[in-house]
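**Q**
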Amino acid sequence: MAARKKHNGRTGLIAALMIASELMLLVLTIMWLRSQYEATKKQLNADIRNVFDRTETKITDSVVGNMVAHILKSMPASQFTKNPTVMTLHSNSTIIPDSVTHTQEQATGFIIARQATDSAALQATDSLHPDDLINQTMRVAFTKLMGEHGSGTTELLAGDTQLLKKKFTEALAHTYPHITAAWLPEKNNSEKIFRYRSANNRMTVQLTGYHYYIFQRTWPAFAFAAVLVTLTIVAFVLAYRTIKHQMNFSVQKDSFISNVSHELKTPVAATQVALEALKSYGALHDVTRSEKYLNIAAWEMNRLRILIDRVIDNLQAGTGQLILEKKPTDVGILLREVTQALQPAFAEKQMDITWNIPDMPLIAAIDNVHFTNALYNLLDNAVKYGGNKIEITLRGTNEEIQLMIADNGPGIAREYQHKIFEQFYRVPQGDVHNTKGHGLGLAYAKHIVQMHNGQIILKSIQGTGTTFIISIPKSNPNEL
Numbered sequence: 159m160a161a162r163k164k165h166n167g168r169t170g171l172i173a174a175l176m177i178a179s180e181l182m183l184l185v186l187t188i189m190w191l192r193s194q195y196e197a198t199k200k201q202l203n204a205d206i207r208n209v210f211d212r213t214e215t216k217i218t219d220s221v222v223g224n225m226v227a228h229i230l231k232s233m234p235a236s237q238f239t240k241n242p243t244v245m246t247l248h249s250n251s252t253i254i255p256d257s258v259t260h261t262q263e264q265a266t267g268f269i270i271a272r273q274a275t276d277s278a279a280l281q282a283t284d285s286l287h288p289d290d291l292i293n294q295t296m297r298v299a300f301t302k303l304m305g306e307h308g309s310g311t312t313e314l315l316a317g318d319t320q321l322l323k324k325k326f327t328e329a330l331a332h333t334y335p336h337i338t339a340a341w342l343p344e345k346n347n348s349e350k351i352f353r354y355r356s357a358n359n360r361m362t363v364q365l366t367g368y369h370y371y372i373f374q375r376t377w378p379a380f381a382f383a384a385v386l387v388t389l390t391i392v393a394f395v396l397a398y399r400t401i402k403h404q405m406n407f408s409v410q411k412d413s414f415i416s417n418v419s420h421e422l423k424t425p426v427a428a429t430q431v432a433l434e435a436l437k438s439y440g441a442l443h444d445v446t447r448s449e450k451y452l453n454i455a456a457w458e459m460n461r462l463r464i465l466i467d468r469v470i471d472n473l474q475a476g477t478g479q480l481i482l483e484k485k486p487t488d489v490g491i492l493l494r495e496v497t498q499a500l501q502p503a504f505a506e507k508q509m510d511i512t513w514n515i516p517d518m519p520l521i522a523a524i525d526n527v528h529f530t531n532a533l534y535n536l537l538d539n540a541v542k543y544g545g546n547k548i549e550i551t552l553r554g555t556n557e558e559i560q561l562m563i564a565d566n567g568p569g570i571a572r573e574y575q576h577k578i579f580e581q582f583y584r585v586p587q588g589d590v591h592n593t594k595g596h597g598l599g600l601a602y603a604k605h606i607v608q609m610h611n612g613q614i615i616l617k618s619i620q621g622t623g624t625t626f627i628i629s630i631p632k633s634n635p636n637e638l
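For the sequence shown, this note's numbering gives the first residue as 159, with consecutive numbering after it.
#1: Going by the CB atoms, is the gap between Ile630 and Ile559 shorter than 8 angstroms?
#2: Could you spell out where the beta strand (DSSP E) holding Asn514 opens and where it closes?
#3: Can you tell which of Met182, Gly490, Phe579 has its C-alpha closest to the C-alpha of Leu598?
#4: Considering only the beta carbon of each residue, do Tyr354 and Arg207 sit closer than 8 angstroms?
#5: Alpha carbon to alpha carbon, how far is Ala227 from Ala329? Give it in angstroms, no decimals.
#6: Is Tyr371 closer than 8 angstroms to Leu202 when the C-beta atoms are compared?
#7: According to DSSP, is Phe382 helix, strand or coil?
#8: For Tyr195, which of helix, strand or coil comes out of DSSP?
#9: For Val585, which of helix, strand or coil comes out of DSSP?
#10: I believe Val489 touches Leu462 by the beta-carbon criterion, under 8 angstroms. Please report the beta-carbon distance rounded to the nearest angstrom.
#11: Is it right to say Glu573 is buried, meaning 16 or more other beta carbons lie within 10 angstroms of its own, or is it exposed?
#12: Kindly list the residues whose CB is nearer than 7 angstroms to the CB of Leu396, restricted to its own chain and excluding five residues on each side of it in sequence; keep chain order.
#13: Could you spell out where the alpha helix (DSSP H) holding Pro502 opens and where it closes?
#14: Look up Gln575 in the DSSP assignment and say whether it is helix, strand or coil.
#15: Have a look at the DSSP bridge pairing and note the partners of Lys484.
#16: DSSP state of Thr551, grouped into three classes?
#17: Is Gly170 helix, strand or coil when you go by DSSP?
#18: Excluding sequence positions up to five away, which residues of its chain have a Cβ less than 6 angstroms from the Cβ of Leu389?
#19: Quick test of the definition: if touching needs 3 or more C-beta pairs under 8 angstroms, does the region 561-571 touch the region 611-628?
#20: Mind checking if Glu214 is an interface residue toward chain C, Cβ cutoff 8 angstroms exclusive?
#21: Leaving out the 5 sequence neighbours to the left and right, which residues in its chain are closer than 8 angstroms to Val496 when beta-carbon positions are compared?
#22: Please state whether the Cβ-Cβ distance between Phe352 and Tyr368 is less than 8 angstroms.
#23: Assuming Phe394 contacts Met182 under a Cβ cut-off of 8 angstroms, what Cβ separation, rounded to an integer in Å, is found between them?
#24: May I ask whether a heavy atom of the ligand PLP can be found less than 7 angstroms away from the beta carbon of Pro631?
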């Protein structure tokens with residue numbers, strides 16, 4: 159009991175360490191996923207903000223270009239040079255001969271063509287170089303433009319808000335079709351993530367539906383984290399179960415060694431006493447007394463042989479070295495032979511045995527030696543742990559033979575039933591050596607039944623008794 163408590167304490171500590179490790183891993187995983195989510199969210203916000211800024215800049219450049227073109231067209235050519243020159247502005251991108259293209263990054267381009275009034279001569283005056291002419295022209299135009307609209311060109315967007323909404327919505331739908339843009343009134347122009355304010359502070363756009371793209375970019379990280387956490391949980395659970403099983407097996411093995419040592423000591427001591435009585439008290443000259451002591455010695459040696467054989471059979475069954483020699487056998491006859499061998503034990507405990515065995519033969523291909531030992535173990539278990547009644551029932555169907563051994567003992571608690579066929583396992587009943595088994599009989603019986611392509615089932619209700627049901631394939635009676 160003390161050893162079991164010690165092992166339980168160790169397994170509890172191991173479980174606590176495993177749980178703590180898993181919780182720490184889970185916390186770290188959540189923190190990592192959160193950082194991945196926030197980084198992806200910020201990057202997506204920056205990407206969409208860049209689309210908004212490019213769209214706004216493009217519209218601003220377009221508006222400014224159109225206004226400059228309008229001013230240039232309205233200004234007389236004599237304002238720029240002493241020689242009259244016709245200044246022509248083209249808003250398209252086609253370059254005509256003798257044209258100079260003025261470009262600016264992110265801006266709409268336009269072309270200014272300089273043509274002399276005399277068709278026979280197409281040359282610049284000596285007073286101004288062509289590049290200086292263009293620079294002077296643009297300075298004059300922008301000076302006039304700034305004078306009309308103030309110092310900020312962003313005010314030019316005041317009349318183009320609808321165009322900005324249209325172009326940004328189109329650009330957004332092209333790249334991020336699942337995101338929806340909602341335009342807010344001027345009073346809601348506070349800027350935060352996924353909310354952008356125009357340069358002239360006249361409009362603010364709020365985006366929704368961006369979580370789809372965040373998930374699209376981060377799902378590999380979430381999948382990796384889920385697999386990692388799942389694998390570690392499974393590994394910890396399997397490791398804990400293995401450790402707990404090994405510790406329980408160690409406790410059962412130690413208990414088995416302690417109990418079997420007592421069982422080995424008993425027949426040896428009894429035999430030694432009988433032999434000393436024959437030697438010391440002159441029993442050799444008394445035939446009756448000699449026969450009594452020799453019978454005691456023979457009985458104890460036979461009990462010792464059975465115990466050794468049981469241990470060897472279990473070892474062979476566990477390592478797969480057990481080889482069966484099956485042959486057609488009448489299970490009813492075999493069952494009667496086993497119960498006949500146990501008559502002294504039945505009589506000693508004054509047990510009431512009920513038989514339900516049909517007269518017709520029930521044939522199965524079995525190994526007589528090992529199947530007999532399996533039945534012996536089941537009946538011996540009923541004698542040791544059952545009450546004063548045993549019911550033995552044998553019946554056959556078209557495909558199988560069923561054998562039921564039921565007793566009216568205290569039964570087996572539900573929490574122990576799934577372990578009853580484990581090697582070295584014994585239902586806790588206290589340290590009573592004369593009724594305590596070795597934890598080998600039922601494990602051996604189950605293995606032998608399974609090697610006969612059958613199964614053994616336990617049915618027990620605590621306080622009402624226990625029933626073992628064996629089912630094995632049926633053979634043709636003509637094979638006997």
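For every residue, glycine included, the Cβ atom is placed at its ideal position computed from N, Cα and C.
**A** So, from the listed chains and residues:
#1: Yes, the Cβ-Cβ distance between Ile559 and Ile630 is below 8 angstroms.
#2: Start and end: 510-514.
#3: Distances from the CA of Leu598 to each of Met182, Gly490, Phe579 were compared; the closest alpha carbon is that of Phe579.
#4: Cβ atoms of Tyr354 and Arg207: closer than 8 angstroms.
#5: Separation of Ala329 and Ala227 (C-alpha to C-alpha, rounded to the nearest whole angstrom) is 27 angstroms.
#6: Yes, these two residues count as a Cβ contact at 8 angstroms.
#7: Residue state, collapsed to three classes: helix.
#8: Three-state result, Tyr195: helix.
#9: Assigned with DSSP and collapsed to three states, Val585 falls in coil, not helix or strand.
#10: The pair is not a contact, with the Cβ atoms about 30 angstroms apart (cut-off 8 angstroms).
#11: Around the beta carbon of Glu573, fewer than 16 other beta carbons sit within 10 angstroms, so the residue counts as exposed.
#12: Excluding residues up to 5 positions away in sequence, nothing lies with its Cβ nearer than 7 angstroms to the Cβ of Leu396 in the same chain.
#13: Taken as a continuous stretch (DSSP letters only), the alpha helix (DSSP H) holding Pro502 covers 501-506.
#14: DSSP, reduced to helix, strand and coil, places Gln575 within a helical segment of the structure shown.
#15: In the DSSP assignment, Lys484 forms no beta bridge with any residue.
#16: Strand, per DSSP.
#17: The three-state secondary structure of Gly170, taken from DSSP, is helix.
#18: Cβ contact annotation for Leu389 (same chain, cutoff 6 angstroms, sequence separation greater than five): none.
#19: As far as the Cβ criterion goes, the region 561-571 touches the region 611-628, which means the pair count is three or higher.
#20: Absent from the structure: chain C. Only one protein chain is present.
#21: Cβ neighbours of Val496 within its own chain (closer than 8 angstroms, five residues either side excluded): Thr530, Leu533, Tyr534, Leu537.
#22: Less than 8 angstroms separates the beta-carbon of Phe352 from that of Tyr368.
#23: With 8 angstroms as the limit, Phe394 and Met182 do not qualify as a contact, their Cβ atoms being about 12 angstroms apart.
#24: You won't find the ligand PLP in this model; it holds no ligand whatsoever.
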